[in-house]
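Structure first, commentary second.
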Amino acid sequence: MTADRVPERSTHPRRAVLKSTAAGAAAVAHLASVATATATPTNPVAAGEPVEIGLSVNGRRHRLVVEPRVTLLDALRERLGLTGTKKGCDRGECGACTVLADGDRITSCLTLAVMRQDAEITTVEGLARGEELHPVQEAFVRHDAFQCGGCTPGQIMSAVACIDEGHTGSETEIREWMSGNLCRCAAYQNIVAAVADAAKELR
Amino acid sequence: MTGLVGRGVERVDGRAKVTGAARYAADNEVSGVLHGALVSSTVARGEITELDPSAALASPGVVAVYTHQNLPRLTVPPDFPYPKSFVPLQDARIHHNGQPVAYVVAETLEQAQEAATLVRVRYRAERPTAHLVDALDEAFLPDEFRGRPNEHVRGDAAATLDQAEVRIEREYTSPTQHHNPIEPHTTTAVWNGNSLVLHESAQGVVLARKIVADAFAAFDPRPDVRVVSRYLGGGFGAKGPTWPHTLLTAAVARQARRPVRLVLTRAQMFTMTGHRAEYRRSLRLGATRTGRLTAVVDTSTAQLSRTEHSIFNSSDSTLHLYACPNVHVRQLGVRLDLPTSSYMRSPETTAHFGLETAMDELSYEVGIDPVELRVRNLNPRLPYRGKHLLECYRLAGRAFGWARRDPRPGSMCEGEEHVGWGMATELHTYNANASTAELVVGMDGRATLRTASQDIGTGTYTVVTQVVADGLGLPLDHVTTLLGDTAFPAASISAGSSTIPSVIGPVSQAARGARDAVVAIAVADPRSPLHGVPAGDVVTEHGYLFARGDRDRRDTYRAVLSRHGRPVELTGSTRNTPGHTFGAVFVEVRVRRRLGSVRVSRVVAAYDPGRVLNHRTARGQVIGGVAWGIGFALMEHTVVDPNTARVVNPNLSTYLVPVCADVPPVEAIFVDRPDPSSNALDARGFGETPGTGVPAAIGNAIFHATGRRLRDVPFTQDRLL
């Protein structure tokens, strides 16, 4: 596994969304090339056999060998040692595994690692700039928007995207658009306050 | 004393939790770790007749498959919190659906999960009984559990009831519910010779160590066990007991001679880690026309398993809350072919839901305001001080605007919505367990506190740090609190709201002792500016030691300790007593006229937890507990198929828990008066108090909104159409 620094990294949420549009187009092109490649007998990969893939996570490029069935979540946690992202249900129901792919929030447990080779993945470990926390992280601490912390990485990634999507016009809107992330400690009203507060700073 | 205790300081573990740096049990890097996957039974009752692991063993990456045929015999740990009477994978008998029958270990998680599907198991199945209603005639009075009998008699309730001026006789039911912490149960077992380290998702590391040691009691030599749980991703009672998967992981890792990690699937958490039992409660209240209770007969019937008969949701409110000379409580059980039940956040809620709904029904029967009815019946011998519960009714009622309530059902409508206001008392019984805390003030003037209790999200790291910093007179960031490791002095499990009442006394004792020791060193040291000052005249603040009245004579912890040349170490171990914490909750609901959907739109609650040590973390328990009450009242419901005794909704898309949009803002009020009867700096146990009254308050508000009295939770939409 090598880890090379990616020279330019967009962290501004709105820029990330613009970028994701471009990346979406690139992904379509890539799918076409994959289809061609698998049709060519010179590069056969048996079903289930490990493949070498590349993942860009928090601005670093990683090469790893995984079976195609390995989820992005398990690739992050078990292969790359990025255990900040949590596994709550492994079925896309709780949101604890939420990460950003080109700025969009996705459940990494319902995503295969091989599917996201061209995306820039951001996990909770990739938000702070050294000692300086991301405004959403700061707001979560300031508003006590967590208790046990089990859902918190997912909540924070979801909140970053929620603000970026512009779904923070009112507390009601925040409640709706943050309802994909379960918090069993139910720190919800503090989460809403944190998202509203961070949104003021970011937008 | 620097005034830190009581302040709502931010969580000291906040940064670790928002950056992903906090290492939960499954996050620890363990080199060479194998991944485990459990195969569980597909029948509820019967016997394994054939178990063929050959296809699994032939699957790539598989190291071993353990079953009752090849796993060494473990001892069934005799004491709670091992809640089961058997250990799986020890014989062919099946006691419930979803019981572990095989344990696969493989090099990768995916290999283990795939191989688990390849283990072939055949059963001789017997027909299970899964529903309480199908076996009510088999109800019996179980033996006492943890020293608490299941029958209580005061006066002559039956005779008094017959002659009562007013009688309320009702049945209330609540279904099976599951804790569903976000972090699944997980164990990583690492053997080194005869030493075992378990990275465990545990609410109580000390008891987990005992249970695991008990399981290996027949091994020679008996292993040394260390249990580590620095962060817990939610427990709510599910991780209080030590469940079989932990014992099995330890056994399997020993056999495989490699570290093994197991993370239960969400579905397995519905059969392997306890639940709140299904309940039926028959309540018969007798009262005078003026609303004074004369008799209460409270007969509950709980779902038990075939192999255990512990009742976890006791009728404390019926026994203690209201003054009533004639009370008969019976807690019956029915054995069913279901998994073992256990404690779940606020065990009193099932009983309390019935009582506080019945009190509302009585209030309408006698035409007395529900708050006034409760005040009239308040037990003057309540085991708590003063009239702070009255203060809770008053504070919360005023903030809510209760005085404006027109009691007639259906009296408030807004557009398409019926609006209703309801209230209930909240009550919780907390524990206090023996605990020791060890404090070291190092030569750098910084302090480290170690105790083998836990922070399960309730804020122990923060509150303990506050108490140490306050007791010593150090800045918060000069104090490090270390929890969740049996390498530290033994301390309380974090369950039953016991952490603060158990741990704060010892922590405070150690901090004050260490402060006095450092002051004594300073005043005896000719090199200190404080040399010769009477120890009683030294003030400690922000890392400094001052002479009272002459602040220019000062020293620092760092200088004193560094001249001293060795750390100062103190332990504390004062004992506290269990008790009760009370409060009052007022809710507003809105019921859509044509759809029957219920929304809780406003909640105000007031509590008397003694002295509030941190308003921020205490408030967290209120908003969380109220949400649990909303889940209990409106949605949580485990469905068991009657033919297979299998949970049919073992996931978070069909077992509904409150989401962000379900929970309104909650206003939390604290009486905040010291309770000198608690040696935890005058604080009582609190965490599980909020929520106990919420289901009844919601049901009472629905009655007020619609005139429909609901007695069976969850109050789903279909019941209001």
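In order, the protein sequences belong to chains A and B. With the numbering used here, letter number 165 in the first sequence gets 165, and the count goes up by one each step, no holes. Just so we're on the same page, the numbering used here is the position in the second sequence counted from 1, plus 203. Beta carbons: idealized from backbone N, C-alpha and C, even for Gly. For clarity, every value in this text was computed on a predicted model and none was experimentally measured.
Within the stretch 679-704 of chain B, no residue places its CB atom closer than 7 Å to a CB of chain A. In this structure, the straight-line span from the alpha carbon of H134/A to that of C162/A is close to 15 Å.
Following the DSSP letters along the chain, one finds R60/A inside the beta strand (DSSP E) bounded by residues R60 to V66. Around the Cβ of C616/B, a 10 Å sphere holds fewer than 16 other Cβ atoms; the residue is exposed. Just measuring C-alpha positions, the residue of M646/B, R218/B, A561/B and D658/B sitting nearest T628/B is A561/B.
Within its own chain, the residues whose Cβ lies closer than 7 Å to the Cβ of L450/B, once the five positions on either side in sequence are excluded, are L277, V290, V415 and A418, listed in chain order.
T123, V124, E125, L127 and A128: these are the residues of the stretch 102-132 of chain A whose beta carbon lies less than 8 Å from some beta carbon of chain B, given in chain order. Residues of the stretch 208-230 of chain B with a Cβ closer than 9 Å to any Cβ of chain A, in chain order: G211, E213, R214, D216, G217, R218, A219, K220, V221, T222, G223, A224, A225, R226, Y227, A229 and D230. Not one beta carbon of chain A lies nearer than 8 Å to the beta carbon of T476/B. R653/B places its beta carbon 8 Å or farther from that of L675/B.
Contact between G88/A and S158/A does not hold, since their C-beta atoms are separated by about 13 Å, which reaches or exceeds 8 Å. Three or more Cβ pairs closer than 8 Å define a contact, and the stretch 215-230 of chain B meets that threshold against the stretch 123-138 of chain A. Interface annotation, T98/A: not in contact with chain B, CB-CB separation never under 8 Å. The beta carbon of L539/B sits no closer than 8 Å to any beta carbon of chain A. The beta carbon of A187/A sits closer than 6 Å to those of A145, F146 and Q147, all from its chain and outside the five residues before and after it, given in chain order. Under the 8 Å criterion on CB atoms, G54/A is classed as non-interfacial with respect to chain B. The shortest C-alpha to C-alpha distance from R597/B to any of G217/B, V815/B and G786/B is the one to G786/B. According to DSSP, residue pairing for P867/B in a beta bridge does not occur.
Spanning the alpha carbons of G84/A and R796/B requires a straight line of approximately 45 Å. Here DSSP, grouped into helix, strand and coil, assigns D753/B to strand. DSSP lists V57/A and A101/A as the beta-bridge partner residues of I121/A. Counting C-beta pairs with one atom in each stretch, the stretch 540-556 of chain B and the stretch 474-490 of chain B have three or more that are closer than 8 Å, which means they touch. The bridge partners DSSP lists for T759/B are Y747/B. Our two residues, D104/A and A119/A, have alpha carbons roughly 10 Å apart in a direct line. Using a 10 angstroms sphere on the CB of T780/B, the tally of other CB atoms stays under 16, which defines it as exposed. Here K287/B is buried: its Cβ has 16 or more other Cβ atoms, across all protein chains shown, within 10 Å.
Residue state for G813/B is assigned as strand, using DSSP reduced to three classes. Boundaries of the alpha helix (DSSP H) harbouring G600/B: H591 to F603, taken from the DSSP string.
Residue ranges of uninterrupted beta strand (DSSP E) with 3 or more members, entirely inside the stretch 469-536 of chain B and ordered along the chain, are 482-490 and 496-508. Three or more Cβ pairs drawn from the stretch 422-439 of chain B and the stretch 379-392 of chain B lie within less than 8 Å of each other, which places the two stretches in contact. When C-beta distances to chain B are compared with 9 Å, the residues of the stretch 174-189 of chain A below that value are I174, R175, E176, W177, M178, S179, G180, N181, L182, C183, R184, C185, A186, A187, Y188 and Q189, in chain order. With distances taken between CA atoms, I659/B lies nearest to T820/B out of E310/B, R325/B, T820/B and V874/B. Across the stretch 296-308 of chain B, no CB contact with chain A closer than 7 Å is found for any residue. Rounded to whole angstroms, the Cβ separation of S432/B and S638/B is 16 Å, and the two are not in contact under 8 Å. A direct Cα-Cα distance of roughly 13 Å separates V825/B from G662/B.
Within the stretch 760-798 of chain B, complete alpha helix (DSSP H) segments of at least 4 residues are found at 760-767, given in chain order.
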